[in-house]
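First up is the structure itself, then whatever we jot down about it.
There are 2 protein chains.
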Amino acid sequence: MVKKSGPLRTAKIDIRDVASRAGVSIATVSRVMNHVPTVDAVLSARVWEAVEELDYLPNTQARALVSGKSRLLGLIVSEITNPFFPELIQEFERAAVKWGYEILLGSTNYEAKTMELCARRMLERKVDGVAIMTFGIDDFLLDRFEADNVPVVFIDPAPARPLSSFLAVDYYAGIHEGVEHLVGLGHKSIGFISGPRRLRSAATRKATFLESLRVAGLKAEPAFIVEGNHTLDGGRDAMQKLLALRKQPTAIMCSNDMTAIGVQHALFEANLKVPDDFSLIGFDDIHLAEYTIPPLTTVRMSCEDIAQKAVENLLSRLRGDAGGVAAASLVMTRLIVRQTTGKPKRAVRGAAASSTKSKKR
Amino acid sequence: MVKKSGPLRTAKIDIRDVASRAGVSIATVSRVMNHVPTVDAVLSARVWEAVEELDYLPNTQARALVSGKSRLLGLIVSEITNPFFPELIQEFERAAVKWGYEILLGSTNYEAKTMELCARRMLERKVDGVAIMTFGIDDFLLDRFEADNVPVVFIDPAPARPLSSFLAVDYYAGIHEGVEHLVGLGHKSIGFISGPRRLRSAATRKATFLESLRVAGLKAEPAFIVEGNHTLDGGRDAMQKLLALRKQPTAIMCSNDMTAIGVQHALFEANLKVPDDFSLIGFDDIHLAEYTIPPLTTVRMSCEDIAQKAVENLLSRLRGDAGGVAAASLVMTRLIVRQTTGKPKRAVRGAAASSTKSKKR
DNA sequence: CGGTAAACCGTAAACGTTTACCAAGAAGCA
DNA sequence: TGCTTCTTGGTAAACGTTTACGGTTTACCG
């Protein structure tokens, strides 16, 4: 507010300006700014006053250069354009700032080349830790992180390495619940649209689905398992493949919600109804899932949970709590029943029309 | 690849290591890394070789500290969770990396306090320029950017200031096209669901809508103009308000696509059909718009265009091409007709059922 | 009242680059 | 051959912080 501090110099003000205005040394200013407790209260007050008056902002790069800590956390995701990730990013950032960290974002678009670029940026900007929320990473990149002593956390099991750790997701709970729900409704042939092959978590989801089928006493029809890529287009295309089949499943589970929305669209174009003609279950429970028409039954995986656990994991290792290699934290999943699941057509006995109306929330 | 370089030192390698391995001075290494042309080809080759062998990555913060350029562009958006922004961000980043820049992301969530924090981060990290793609910013923050000599670009007209500039969006073209389309179908009372009041671009969209109505010879019914907030929930709530009205519009235009999707949901819940009971037009044309059920008629505003123009604007001013205050570049909008618009119920003469089927793409 | 310990603060040396300036060698010209 | 002019590489001084170290003051105890 005080403007008398001079002729509004265009030159940026630094710690020396603050020091001289407060009548102390730069070391003291630094200590005050870093909340070092051993500085006298009156000096501290003078410093803060000077900081206010001069609108002083410390230079992050100088700080990072000498201290060796950037207070930056890297976050590498698959595709920022898939709504699941913005939700994740938001939570991750929230968790990070709570501890005084900022985030550096990277999006791989499922390309190894881009992943390498992202990793390189993270290294160059000297992030203190990295969360990798997409497919696996080449070993030589992990070597680099290790060489620079930066901890890494993955989603889903990753190769055991000195500085890397992972978050375990209990896919089984939710997915199993999903097929049980379908079986309970009378479905006997259930299709699955997977994610991109390279994405580890997608592979796990598919394997878990297969396992659930087995447990439920159904056997998998290979033709009903088709590969998607976690996008709207991929879901649409995959469903079209399924529709081209002679014999078709009566229900479809999808590796993520975007795929399911693509499926809904394919069905709409084919003039088919959900859940009358096909039952549909997604995965992730993005906010949008509540808003599709009809609202999507899906498996919820809390991205808040994931984000929090990821940064906690990273930070605890930064504090030297070590351990870390094994992941203690388990992320839960569970089924959210909305309106894309119903009895299969062929199984319908009497009350055919009423199945659409069951608005479970 | 070559591992003989020593016992895999955990210490990070710096420019000195490269220099000594290549048998040159650090100045030469620096020159090589920065592609300064006056360095001898054979030395240059030796340096690159050493860089390869040592996996050397320059320290960005040291670089930035001394050169005064961070090669970082700030991007402040409203809400990362609104799919329009990820698409924007992706394009912005693409454009930035093309010129060797990286981006620092900030999301305000429509809160002035958060905006201030974002701006502060940008300043601290010493971004070379900032694009502000959300509501206006407090003057004192602009002062800070000016004091630090960092150029700013806004979307939509902003106060004229030495270092700030803006992108002009031709809202009128698309929105006018939208109401003309509706009028052509026979609609006479058209409602509008706006964005958050504080968002300048939202205010402009609403004003433009009103202007288009006037031009079309219709008069605005105040009760049909309701405030949303550019989210799914906001759209749903706003539509519920409209549905509670005694007399209702036959068509609704929305300030963005998320709002329109919320509206579709509200209509679905009320067991009303689009476009039979209500025609609906969105704004933005996010990728998802093609996938709603039915697919959304909307006004396209190319975020690729916006992103490219924003970084070009920033970079040209960084290069000192100056000028800049006035925005030469105009971003166009145009209507994309899909399946949420049709004749109003009351105006339907004979072929009522067929209107749904007109699949224009 | 003298001496020791504790509490604070300032000086200066890092941190890893870029870059202005200078020196040395090569090449061209008389 | 000797002098000038390029060319090219190296030396060293920044950049804005943090922090180890040492020095000065104050407090406390005998």
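Just so you know, the protein sequences line up as chains A and B, in that order.
Just so we're aligned, residue 0 is where the first sequence starts under numbering that gives the first Met the number 0, counting upward by one.
Just so we're aligned, residue 0 is where the second sequence starts under numbering that gives the first Met the number 0, counting upward by one.
Quick reminder that beta carbons are idealized off the backbone N, C-alpha and C, glycines included.
I need the straight-line Cα distance from residue i to residue j, nearest angstrom please.
i                 : j                 : result
Arg70 of chain B  : Ile131 of chain A : 24 Å
Asn312 of chain B : Leu87 of chain A  : 31 Å
Pro161 of chain B : Ala309 of chain B : 17 Å
Leu334 of chain B : Arg213 of chain B : 19 Å
Gly281 of chain A : Met257 of chain A : 8 Å
Val324 of chain B : Arg93 of chain B  : With a pLDDT of 46 at Val324 of chain B, under the threshold of 50, the predicted position of this residue should be treated as unreliable, though the coordinate-derived value follows. Approximately 24 Å between the Cα atoms of the pair.
Leu295 of chain A : Val46 of chain A  : 57 Å
Val168 of chain B : Leu329 of chain A : 47 Å
Ala350 of chain A : Leu184 of chain A : With a pLDDT of only 39 at Ala350 of chain A, under the threshold of 50, the placement of this residue in the model should not be trusted; the figure read from the coordinates follows. About 13 Å.
Leu271 of chain B : Thr207 of chain B : 28 Å
Ala159 of chain B : Leu317 of chain B : 18 Å
Ala219 of chain B : Ala243 of chain A : 49 Å
Phe191 of chain A : Ala288 of chain A : 18 Å
Cys117 of chain B : Glu145 of chain B : 16 Å
Sort the options by Cα distance to residue i and report the nearest one.
i                 : options                                : result
Gly67 of chain A  : B:Leu72, B:Gly73, B:Gln60              : B:Gln60
Asp16 of chain A  : A:His34, A:Gly319, A:Glu52             : A:Glu52
Gly135 of chain B : B:Pro343, B:Pro274, B:Lys112, B:Leu56  : B:Lys112
Lys125 of chain B : B:Ser24, B:Pro248, B:Leu64             : B:Leu64
Arg62 of chain A  : A:Met257, A:Met32, A:Ser163            : A:Met32
Arg299 of chain B : B:Leu314, B:Lys342, B:Cys253, B:Asn270 : B:Cys253
Ala202 of chain A : A:Val225, A:Ser315, A:Ala237           : A:Val225
Gly99 of chain A  : B:His286, B:Arg120, B:Gln307           : B:Arg120
Thr332 of chain A : A:Phe144, A:Ser301, A:Ser315           : A:Ser301
Ile154 of chain B : B:Gly319, B:Ser315, B:Gln307, B:Arg337 : B:Gln307
Leu241 of chain A : A:Ser193, A:Glu145, A:Leu314, A:Asp283 : A:Ser193
Can you pull the chain A neighbours of residue i, defined as C-beta to C-beta under 8 Å?
i                : result
Asn58 of chain B : Leu64, Glu123, Lys125
Ile79 of chain B : Pro85, Ile88, Gln89
Ignore the nearest five residues each way along the sequence and tell me which others in residue i's own chain have a CB closer than 6 Å to its CB.
i                 : result
Met235 of chain B : Here residue 235 of chain B is Arg; the residue named in the question, Met, does not match the sequence. Excluding positions up to five away in sequence, the list reads Gly261, His264, Ala265.
Ser211 of chain B : Ile174, His175, Val178
Asp142 of chain B : none
Phe84 of chain A  : Val76
State yes or no: is the C-beta of residue i within less than 8 Å of the C-beta of residue j?
i                 : j                 : result
Ile79 of chain B  : Ser106 of chain B : yes
Ile14 of chain A  : Val28 of chain A  : yes
Ala259 of chain A : Thr297 of chain A : yes
Phe91 of chain B  : Ile75 of chain B  : no
Asp275 of chain B : Lys344 of chain B : yes
Pro150 of chain B : Gly128 of chain B : yes
Leu209 of chain B : Ile189 of chain B : no
Arg30 of chain A  : Ala49 of chain A  : no
Thr339 of chain B : Ser278 of chain B : yes
Pro82 of chain A  : Ile292 of chain A : no
Tyr365 of chain B : Arg204 of chain B : Nothing can be reported for residue 365 of chain B: it is not among the residues displayed for chain B, which extend from 0 to 360.
Ile305 of chain A : Leu166 of chain A : yes
Leu72 of chain B  : Ala40 of chain B  : no
Val152 of chain A : Ser164 of chain A : yes
Asn255 of chain A : Asp232 of chain A : no
Any chance the CB of residue i is under 7 Å from a heavy atom of the ligand FAD?
i                : result
Val28 of chain A : The model depicted lacks the ligand FAD and carries no ligand whatsoever.
Mind pulling the chain B residues with CB within less than 9 Å of residue i?
i                 : result
His175 of chain A : Correct list: empty, because the minimum Cβ distance to chain B is about 29 Å.
Pro82 of chain A  : Thr80, Pro82, Pro85, Leu287
Leu231 of chain A : His286, Leu287, Glu289, Tyr290
His264 of chain A : Glu289, Tyr290, Thr291, Ile292, Pro294
Whose Cβ in chain B lies nearer than 7 Å to the Cβ of residue i?
i                 : result
Gly261 of chain A : Tyr290
Asp147 of chain A : Lys11
Phe282 of chain A : Those do not exist, as Phe282 of chain A stays about 17 Å from chain B at its closest Cβ, beyond 7 Å.
Using a cut-off of 8 Å between C-beta atoms, extract the partners of residue i located in chain B.
i                 : result
Thr339 of chain A : Per Cβ cutoff of 8 Å: no residues; Thr339 of chain A is ~11 Å from chain B at best.
His34 of chain A  : In chain order: nothing, as chain B lies at least about 17 Å away.
Can you name the residues of chain A whose CB is closer than 7 Å to the CB of residue i?
i                 : result
Leu104 of chain B : Leu104
Ala61 of chain B  : Leu64
Asp39 of chain B  : By Cβ distance, chain A contributes nothing, its closest Cβ being about 27 Å from Asp39 of chain B, past 7 Å.
Glu101 of chain B : Arg120
Arg143 of chain B : Asp54
Which same chain residues end up closer than 8 Å to residue i when comparing Cβ atoms and leaving out the 5 residues on each side of it in sequence?
i                 : result
Glu115 of chain B : Asp137, Leu140
Tyr109 of chain A : Ser77, Glu78, Thr133, Phe134, Pro195, Arg197, Leu198, Asn228
Glu303 of chain A : Glu90
Residues in its own chain within less than 7 Å of residue i by CB, not counting five upstream and five downstream?
i                 : result
Asp54 of chain A  : none
Val273 of chain A : Gln263, Leu266, Leu279, Pro293, Thr339
Asp147 of chain B : Leu122
Leu104 of chain B : Leu74, Ile88
Applying a beta-carbon distance threshold of less than 9 Å, which residues of chain A neighbour residue i?
i                 : result
Phe277 of chain B : The premise fails here: Phe277 of chain B is roughly 14 Å from chain A at the closest Cβ pair, so nothing lies under 9 Å.
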